[in-house]
Amino acid sequence: MIRVTRVVTTAVALVALAAASPLPAFAEPSPGSPSRAGGARGAAADGALPEGWRLTGEGADRELVWTSPDPVPMGDARVEFYSGNRLIGRPAPAADGHAFRLKADGVRLGSAEDLRVMAAGRRLDVGTPGDAGAASKAPRSRPTAPAGKAEAPLPVNPVDPGTPGAYKTVSGEYDLPSVRLPGYATPIEMRAVVVGPTGAPGKRPLALFLHGRHGTCYGPEELVTGDWPCAPGTKPIPSHKGYLRAQQLLASQGYVTVSISANGINAQDHAADDAGAQARSSLVRQHLTRWADWSEQPSGAPAAVRATAPADLSRVLLVGHSRGGEGVNRAALDSLHRPPADQDGAPGPARWTIRGNVLIGPTIFGQNPAPDVPSMTMLPGCDGDVSDLQGQIYVDGTRGVGRGAALQSAVYMVGTNHNYFNSEWTPGQAEAPASDDFYEGEVKDPVCSPGAATRLTAAQQQTVGATYIAAAAQLFVAGDDRVRPLLDGTGRRAPSAGPARVLSHAVGGHRTPGFLPGPALTVSGGGRLCAQIDPDPARACLPQNDDQTAGQSPHFAFWEASPEPGRDAVALRWQGAGVGSKVTVRSDRPVSLKGSDVLALRVIVPPNTTGTRMDIALVDANGRRAQLGRAQLDGLPGSERTASHWGREVRVPMALAIRSKLDLTRITSLELTPRGGSGQAWLMDAWGWRPGTPAALPGAMPRIDIGRLTVDEGDSGVKTYRVPVHVSGQGSGQVRVFTPSPDSDEVTSRIVTVRPGSQTIDVPVEVTGNTRFGYDLSRDVSVKAVKGVAVGSHRGGVTARNDDAKPTVAVAPVADDVTEGKPLTWRVTLSEVADVEVGGVLELLPVTGGPELSSADVAPAWLEETFGRVPDPAVPLSQLGWEGATATLWADVPAGRTSVDVTIPTVTDTVAEPAETVKARLTTYDENWDPHHGPEFTGSVRNAA
1 MIRVTRVVTT AVALVALAAA SPLPAFAEPS PGSPSRAGGA RGAAADGALP
51 EGWRLTGEGA DRELVWTSPD PVPMGDARVE FYSGNRLIGR PAPAADGHAF
101 RLKADGVRLG SAEDLRVMAA GRRLDVGTPG DAGAASKAPR SRPTAPAGKA
151 EAPLPVNPVD PGTPGAYKTV SGEYDLPSVR LPGYATPIEM RAVVVGPTGA
201 PGKRPLALFL HGRHGTCYGP EELVTGDWPC APGTKPIPSH KGYLRAQQLL
251 ASQGYVTVSI SANGINAQDH AADDAGAQAR SSLVRQHLTR WADWSEQPSG
301 APAAVRATAP ADLSRVLLVG HSRGGEGVNR AALDSLHRPP ADQDGAPGPA
351 RWTIRGNVLI GPTIFGQNPA PDVPSMTMLP GCDGDVSDLQ GQIYVDGTRG
401 VGRGAALQSA VYMVGTNHNY FNSEWTPGQA EAPASDDFYE GEVKDPVCSP
451 GAATRLTAAQ QQTVGATYIA AAAQLFVAGD DRVRPLLDGT GRRAPSAGPA
501 RVLSHAVGGH RTPGFLPGPA LTVSGGGRLC AQIDPDPARA CLPQNDDQTA
551 GQSPHFAFWE ASPEPGRDAV ALRWQGAGVG SKVTVRSDRP VSLKGSDVLA
601 LRVIVPPNTT GTRMDIALVD ANGRRAQLGR AQLDGLPGSE RTASHWGREV
651 RVPMALAIRS KLDLTRITSL ELTPRGGSGQ AWLMDAWGWR PGTPAALPGA
701 MPRIDIGRLT VDEGDSGVKT YRVPVHVSGQ GSGQVRVFTP SPDSDEVTSR
751 IVTVRPGSQT IDVPVEVTGN TRFGYDLSRD VSVKAVKGVA VGSHRGGVTA
801 RNDDAKPTVA VAPVADDVTE GKPLTWRVTL SEVADVEVGG VLELLPVTGG
851 PELSSADVAP AWLEETFGRV PDPAVPLSQL GWEGATATLW ADVPAGRTSV
901 DVTIPTVTDT VAEPAETVKA RLTTYDENWD PHHGPEFTGS VRNAA
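In our numbering, the protein residues as written are 1 to 945.
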């Protein structure tokens, strides 16, 4: 016999949790797989759940629920549940944006106080849940740092891409029949707005825009929903019309532009493994297929297309905002390396050539950038949606993967938020309700609150966005190298961008690999090789609890494993210029910098710092040393709410190395010597650089996609299945394979060479069949590109589906008529044994026609354990529920057993009183969370006298 306690049934622990449920409600698998042992239960010592959290249901229907007092807007970042630094899973949002539910079956327990709700590095369950500035860790007592001293404006670039062109423009719309995409039950709209030039000669390059994840429908009284199609009385949110300023600028310069709608994907991508990346790619390529058809047969084109110049499909620029950025990245990759047929919603050859991608505040959940397609990633310094600025991985994640000629640029835009790049997401401009995604909360942010000196207005932000989109078009599509200095770290500004402060750095282009932190480098002196992602503060580059490093770094955006091998930097910390402050970075193999004009380094310094100085020197294999020069760096404006630890590109000429007769073909060491007072910095990498933009010609490489196999467990025996791995294309390449342990939170990784037809990634999964009800069991595998490979679907696995019926639950009295001081007892029984706990709840109902057993009649310790309080004055037991909810007793039968006893311990008093009654009923829940009520029953407690 056990007593049902609140602590046991509502304290969540998750200490040894390997992962979320096999198929999380958000349908994006967590890094690991659940154990079959137990449900989401914990030790009594852990106490009740934090405010806003609760556990509901029982057995396989148990859910972990977090409820926000304010609605959390539908956005591009994924809402995720964590226990400490461990990802539990990705919950499904309720329609009103308040409640988020995650299946909790198979979750093992730990400490309730470690629970966190995160979205792209920001915490939602601290302070105001919608507060984009909530810290990614517990709030600190010290005040937010003030913004740093503004730098002098950068020199003006000779060519300003934001200057309107000579062509007049024309606009129109088309609306084609909807299309069906794999994995999406509801067809997706084929709707777009076209803006193009009139009177432009010949065929013109095409720029396609794809918006991100936002509300899909709106109605009266500020109603915004995620429905599709829209319900009666509501209208679609025209997110695709939010880039007209940029479209009109490009059209005036001779580009045909089209911005496509993706509301149908936004409404359904919560149920997609990849958060909709493949579906968005398919939608983009569906539109490009139509444009290719219309280019060949103009008479069949819609009027809006015929009204402008014909499009040249050999010169295509893709522009994607937020999840749209990840979508166009996948479309570029899919256009070069075909996806598996069962995933592809746009079959057929690619009759177009993607010349480059523009990615605006993008997500990159898979961290699988197209390595040989030039790109420019816009990082909004005040992004309150994708606030970790994970789009930085579109630059960092390409290093060493492809040929390296494609320029991969990141431009950090101080004072810009996420939403205002789209006018339909901007208050005062949007047709539907809109808001500033950087929510300042009760404390104003010195960098990003409206009115701060560094914060741009919506109009200024849209102007700078259009200017830099045009810069990417001019460089990637038109091949005008004169705009490259705006994007590649040279340090130039475009006058048309107005007061915006825009900084850039890049990899690729005319860069020669020099020093890339990793196992091949040895660091000595006042520095260390640090891990970008590691829970160990001694290893981490930016420890989460280091008061000296408040805020986040886009370079260190979390993926799916912690620690994550293969992502390193060099951390420098010094207390003053002197002995031991010099840092030597030595390569195991000499590197060649021959032909380079300068040495270009990407170095992070803390936000709001000024005047960090360091001397830079090279040493060759013969021991010759040359001092190249001194660099000075200032930190970006930042606060605890921003991701401002971002790499500044610094360049020092190679002239002194040449004059000192260093052997530039055999450079072995890079020396960094800080000057001045104490400080810290992080070296991301160092390259040889020379001006110019080489042709970005993609090479032949294999493509890998990890699939998902779902099987029934069967009734007996052990069967072995294998994680499906699809390798296509040509040649060979290397990937890092991440495999979570099925019994712990450990994730192992290994580097594997893959080629078409190979079986080098072989992950067997044993499935034991039986006839007992249990949980689904999943084993997942994730991959990341290392060298010479394109990664499509980065994660998959084998899911063994429970195929046994859930036992029925019944309740019967054991002692339902007792005297004071003796326990009331009922027995909850299953029709058959199960592999997991199964049960229900006993709802305590109001008693009519006589006195009800009250909180004064039962043991105070039981009240505290069960309900978390001892009411004074006493109340009937049916009124012990929180905030008017029905009072309930959990009644779960442990795995391997068929019954459990539920008791209410009564106490003896000296008051002469009539018999008191408790009234209850057994309620169970099905897989849709619909309640099923059993018969009502009563218990009676008589006066002991």
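Ideal placement from N, C-alpha and C gives every residue a C-beta, glycine not left out. Note that the structure is a prediction, hence the values are computed from the model and not measured.
- From T760, P606, V319, A920, pick the residue whose C-alpha is nearest to that of H645; which is it? Counted from its first residue, the sequence shown places residue 645 at position 645. The residue with the shortest Cα to Cα distance from H645 is P606.
- Item | Exposure label - R641; buried when at least 16 CB within 10 Å | In the sequence shown, counting from the first residue as 1, residue 641 sits at position 641. Buried, by the Cβ-count rule.
- Query: Would W294 be called buried (16 or more neighbouring beta carbons within 10 Å of its own) or exposed?
  - Reply: On the sequence shown, position 294 is the one that residue 294 refers to. Under a 10 Å Cβ-count criterion, W294 is classified as buried, with 16 or more other Cβ atoms of the shown protein chains found around its own Cβ.
- If you count every other CB in all the chains shown that lies within 10 Å of the CB of H287, and 16 or more means buried, which is it? Along the sequence shown, one-based indexing puts residue 287 at 287. Counting every other CB atom within 10 Å of its CB across the protein chains shown gives H287 a total of 16 or more, marking it as buried.
- Among A617, K103, E80, N608, which has the Cα closest to the Cα of S639? Within the sequence shown, residue 639 is the residue found at index 639, counting from 1. The option with the nearest alpha carbon to S639 is N608.
- Message: Quick check on G868: does DSSP put it in helix, strand or coil?
- Response: Working through the sequence shown from its first residue, we reach residue 868 at position 868. In this structure, G868 counts as coil in the three-state DSSP scheme.
- Message: According to DSSP, is T938 part of a helix, a strand, or is it coil?
- Response: Here residue 938 corresponds to residue number 938 of the sequence shown, with the count starting at 1. In this structure, T938 counts as strand in the three-state DSSP scheme.
- Query: If you drop the 5 nearest sequence neighbours on each side, which residues of the same chain put their C-beta closer than 6 Å to that of Q367?
  - Reply: Translated into positions along the sequence shown, residue 367 becomes position 367. Excluding sequence positions up to five before and after Q367, its CB lies within less than 6 Å of the CB of I393, G397, W559, all in the same chain and listed in chain order.
- S299: buried (16+ other C-beta within 10 angstroms of its C-beta) or exposed? Translated into the one-based positions of the sequence shown, residue 299 becomes position 299. The residue in question, S299, is exposed, as its Cβ has fewer than 16 Cβ neighbours within 10 Å.
- Message: Can you find the residues in the same chain that come closer than 6 Å, C-beta to C-beta, to G345, ignoring five residues on each side of it along the sequence?
- Response: For this step, residue 345 is matched to residue 345 along the sequence shown. Around G345, the same chain offers L181, P182, S282 as residues with beta carbons nearer than 6 Å, after the five sequence neighbours per side are excluded.
- Item | From Y243, A800, A500, residue whose alpha carbon lies closest to that of T710 | In the sequence shown, counting from the first residue as 1, residue 710 sits at position 710. Considering only alpha carbons, the answer is A800.
- Which word fits I751, buried or exposed, when buried means at least 16 other C-beta atoms lie within 10 angstroms of its C-beta? Here residue 751 corresponds to residue number 751 of the sequence shown, with the count starting at 1. Burial check for I751: the Cβ neighbour count within 10 Å stays below 16, so the residue is exposed.
- Item | Closest residue to G162 among A466, Y412, V156 (Cα-Cα distance) | For this step, residue 162 is matched to residue 162 along the sequence shown. The residue among A466, Y412, V156 with its C-alpha nearest the C-alpha of G162 is A466.
- Task: Give the single residue among T768, D685, H932, Q680 whose Cα lies nearest to the Cα of V718.
- Result: By one-based count along the sequence shown, residue 718 stands at place 718. The shortest C-alpha separation from V718 is found at T768.
- Message: Once the 5 residues before and after R888 are set aside, which same chain residues still bring their CB inside 6 Å of it?
- Response: Position 888 of the sequence shown, counted from the start, is the residue given in the question as residue 888. The amino acid at residue 888 is misidentified as Arg; the sequence shows Thr. V841, E843, listed in sequence order.
- Alpha carbon of I616 to alpha carbon of R624, nearest angstrom: Working through the sequence shown from its first residue, we reach residue 616 at position 616. Working through the sequence shown from its first residue, we reach residue 624 at position 624. Cα to Cα, the separation comes out at about 14 Å.
- Task: Label H211 either buried or exposed according to how many other C-beta atoms from any shown protein chain fall within 10 Å of its C-beta, with 16 as the threshold for buried.
- Result: Here residue 211 refers to the residue found at position 211 when the sequence shown is read from its first residue. Burial call: buried.
- Task: Just confirm the distance between the C-beta atoms of A600 and L628, as a whole number of angstroms; I'd bet it's less than 8 Å.
- Result: Numbered from its first residue, the sequence shown carries residue 600 at position 600. Numbered from its first residue, the sequence shown carries residue 628 at position 628. Your pair A600 and L628 does not check out as a contact, with CB atoms roughly 11 Å apart and the cut at 8 Å.
- Message: For A856, which residues in the same chain have their Cβ closer than 6 Å to its Cβ, ignoring the five residues on either side in sequence?
- Response: For the purposes of this step, residue 856 is taken as the residue at position 856 of the sequence shown. The beta carbon of A856 sits closer than 6 Å to the beta carbons of A874 from its chain, once the five residues preceding and following it are set aside; these are given in chain order.
- Message: Can you give me the C-alpha to C-alpha distance between G868 and L880, rounded to a whole angstrom?
- Response: The residue given as residue 868 occupies position 868 in the sequence shown. The residue given as residue 880 occupies position 880 in the sequence shown. Each residue's alpha carbon lies about 10 Å from the other.
- Determine, using beta carbons only, whether R795 and V814 come nearer to each other than 7 Å. Working through the sequence shown from its first residue, we reach residue 795 at position 795. Working through the sequence shown from its first residue, we reach residue 814 at position 814. For R795 and V814, no; Cβs fall outside 7 Å.
- Whole angstroms is fine: what's the gap from V838's alpha carbon to V319's? As a working mapping, residue 838 is identified with position 838 in the sequence shown. As a working mapping, residue 319 is identified with position 319 in the sequence shown. Whole-angstrom Cα-Cα distance: 50 Å.
- Query: DSSP three-state call for S878: helix, strand or coil?
  - Reply: For this step, residue 878 is matched to residue 878 along the sequence shown. DSSP, read as helix, strand or coil, puts S878 in helix.
- How big is the Cα-Cα spacing for K137 and L683? Here residue 137 refers to the residue found at position 137 when the sequence shown is read from its first residue. Here residue 683 refers to the residue found at position 683 when the sequence shown is read from its first residue. Because the pLDDT of K137 is 34, which lies under 50, any placement of that residue in the model is unreliable, and the question is left without a value.
- Task: Specify the secondary structure class of Y82 as computed by DSSP and reduced to three states.
- Result: Locating residue 82 in the sequence shown gives position 82, counting from the first residue. Strand.
- Query: CB-CB under 7 Å to L542, same chain, minus the five flanking residues each way: which ones, in chain order?
  - Reply: The residue given as residue 542 occupies position 542 in the sequence shown. Answer for L542: T549, S553, F556, H645, listed in chain order.
- Neighbourhood of G324 by C-beta, 6 Å cutoff - its chain only, sequence neighbours within 5 removed: The residue given as residue 324 occupies position 324 in the sequence shown. Cβ-Cβ distances below 6 Å link G324 to L210, H211, G212 in the same chain, with the five nearest sequence neighbours on each side left out; the list follows chain order.
- Task: Identify which residue in S496, T363, R528, L670 has its Cα closest to the Cα of P513.
- Result: For the purposes of this step, residue 513 is taken as the residue at position 513 of the sequence shown. Ranked by how close their Cα comes to the Cα of P513, the residues S496, T363, R528, L670 have L670 in first place.
- If T668 sits next to R586, beta carbons under 8 Å apart, how far is it from one beta carbon to the other, in whole angstroms? As a first step, residue 668 must be located in the sequence shown, where it is residue number 668. As a first step, residue 586 must be located in the sequence shown, where it is residue number 586. Yes, they are in contact, since the Cβ atoms of T668 and R586 sit about 6 Å apart, within 8 Å.
- Would you mind stating whether D114 and S68 have Cβ atoms separated by less than 7 Å? Residue 114 sits at position 114 when you count from the first residue of the sequence shown. Residue 68 sits at position 68 when you count from the first residue of the sequence shown. With respect to S68, D114 sits apart: the two C-beta atoms are not nearer than 7 Å.
- Message: Please return the same chain residues whose Cβ sits closer than 7 Å to the Cβ of A25, not counting the five positions on each side in sequence.
- Response: Within the sequence shown, residue 25 is the residue found at index 25, counting from 1. Since pLDDT at A25 reaches only 25, below the 50 mark, its modelled position is unreliable, and no value is offered.
- Item | Limits of the unbroken beta strand (DSSP E) element including W826 | Taking the first residue of the sequence shown as position 1, residue 826 is located at position 826. Here the beta strand (DSSP E) through W826 covers 824 to 830.
- Item | Rounded separation between V117 and G788 - CA only | Position 117 of the sequence shown, counted from the start, is the residue given in the question as residue 117. Position 788 of the sequence shown, counted from the start, is the residue given in the question as residue 788. Here the alpha carbons of G788 and V117 stand approximately 37 Å from one another.
- Query: Which residue spans inside the stretch 242 to 309 form an unbroken alpha helix (DSSP H) run of at least 4?
  - Reply: The qualifying runs are 244 to 252, 263 to 266, 277 to 296, 303 to 306.
- Query: For E927, does the three-state DSSP call read helix, strand or coil?
  - Reply: By one-based count along the sequence shown, residue 927 stands at place 927. Coil, per DSSP.
- Give the DSSP bridge partners of R493, in chain order. Along the sequence shown, read from residue 1 onward, the residue named residue 493 stands at position 493. BP columns for R493 point to V156.
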